[in-house]
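Contents: one structure, followed by commentary.
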Amino acid sequence: LNDAFELANFNLLNYSSAFEITKYMKHREHNYIPWNALFNSLKQLNYIIRTTQYRGIFENYIINLITPTYIRLGNVAKVNESLSDKLLRTFILSKLCTCNYEPCLEWSRMKYKEWMDSKNPDVNIPIAYDFRKIASCTAIKMGGRKEWFFLWRRTLYPSRSTANLKIFYSSLGCTREPWLINNYLENAINGTIPLQYSIDVWKSLTNNPVALNFGFAFLRSNWERINKNYQHIFINLNIIFEEFLSKLSTNIDLEDLTNFYKDNEK
């Protein structure tokens, strides 16, 4: 699989031939590692087509390919199940929600609402840890300010664990609301969000085409502040350039990125 999509990425093989190889996985592959390998191979293609007219076709193909595995595993952990099944369930749920598979979207909204309606949401999180990022990201993607600010308030809880904070910051970047994206990035550079979590903020935008575009606009407008804040923290600047800007994929993006580089070249 890796070789087939690598060849397709370099125009040495038709993508249709590469996708043909994946069909055996639909009913015959039950292990996590091959599925993970497949989606790693699809990353570059996904970044290229996610804002094009081909995105819907791609999503439908993925949904059709992995739904049998979702039906087999369900969305509830089983007693004494293998580590492979445990990892694969979380993985498949994540991909289905990313592809806007309605049962997954509904499940995420239901789990997130259950959390929002709980009496003490800072202490009681009724979403299994393995599914927390999936449900939170999806609910915020499909929701609005209420869902976003609910999770934002959870980041302010003083006894919150580092693991949960990373999940929450990663999920807040799933919003499609431009003003929330700008608000989030402003909080990342003005000190509201602790510096050690600013990496999670920028990375959270990379799988969200709306956030990626508005994030780049924010970066251009606030580069002096960002550079000043992060200039002594190489890893933060490295994340911005390798994890964030590398996901820009259109010719217009390339032109804007080239101009940005020329304007700030020293």
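The UniProt record's numbering puts the first residue of the sequence shown at 1, with every later residue one more than the last. C-beta: ideal position from N, C-alpha, C; glycine also.
- Taking the Cα positions, residue 194 is about 12 Å away from residue 230.
- Two segments are said to touch when three or more pairs of C-beta atoms, one from each, lie closer than 8 Å; by this definition the region 209-222 touches the region 170-183.
- Under the 10 Å beta carbon count, residue 132 is surrounded by 16 or more other beta carbons and is classified as buried.
- Here DSSP, grouped into helix, strand and coil, assigns residue 77 to coil.
- By the Cβ rule, the region 17-36 counts as touching the region 79-94, because three or more pairs are nearer than 8 Å.
- Under the Cβ criterion (8 Å, minimum of three pairs), the region 215-229 counts as touching the region 240-260.
- In this structure, residue 41 lies away from residue 19, with their beta-carbon atoms at least 8 Å apart.
- Nearest to residue 98 by C-alpha distance, out of 142, 118, 76, 78, is 142.
- Close CB contacts of residue 206 within its chain, under the 7 Å cut and outside five residues either way in sequence, are with 212, 243, 244, 247 (chain order).
- With contacts defined by Cβ atoms closer than 8 Å, residue 100 and residue 59 form a contacting pair.
- When Cβ pairs closer than 8 Å are counted between the two stretches, the region 182-191 is seen not to touch the region 154-161, the count staying below three.
- About 5 Å separates the beta carbons of residue 170 and residue 200, which is inside the 8 Å limit, making them a contact pair.
- No residue range can be given for residue 10, since it is assigned to no alpha helix (DSSP H) and is classified by DSSP as neither H nor E.
- DSSP places residue 173 in no alpha helix (DSSP H); its state is neither H nor E.
- With at least 16 other beta carbons inside 10 angstroms of its own, residue 62 counts as buried.
- For residue 84, the three-state secondary structure derived from DSSP is helix.
- DSSP assignment within the region 122-189 yields the following whole alpha helix (DSSP H) runs of 4 residues or more, N-terminal first: 129-142, 145-155, 162-172, 178-189.
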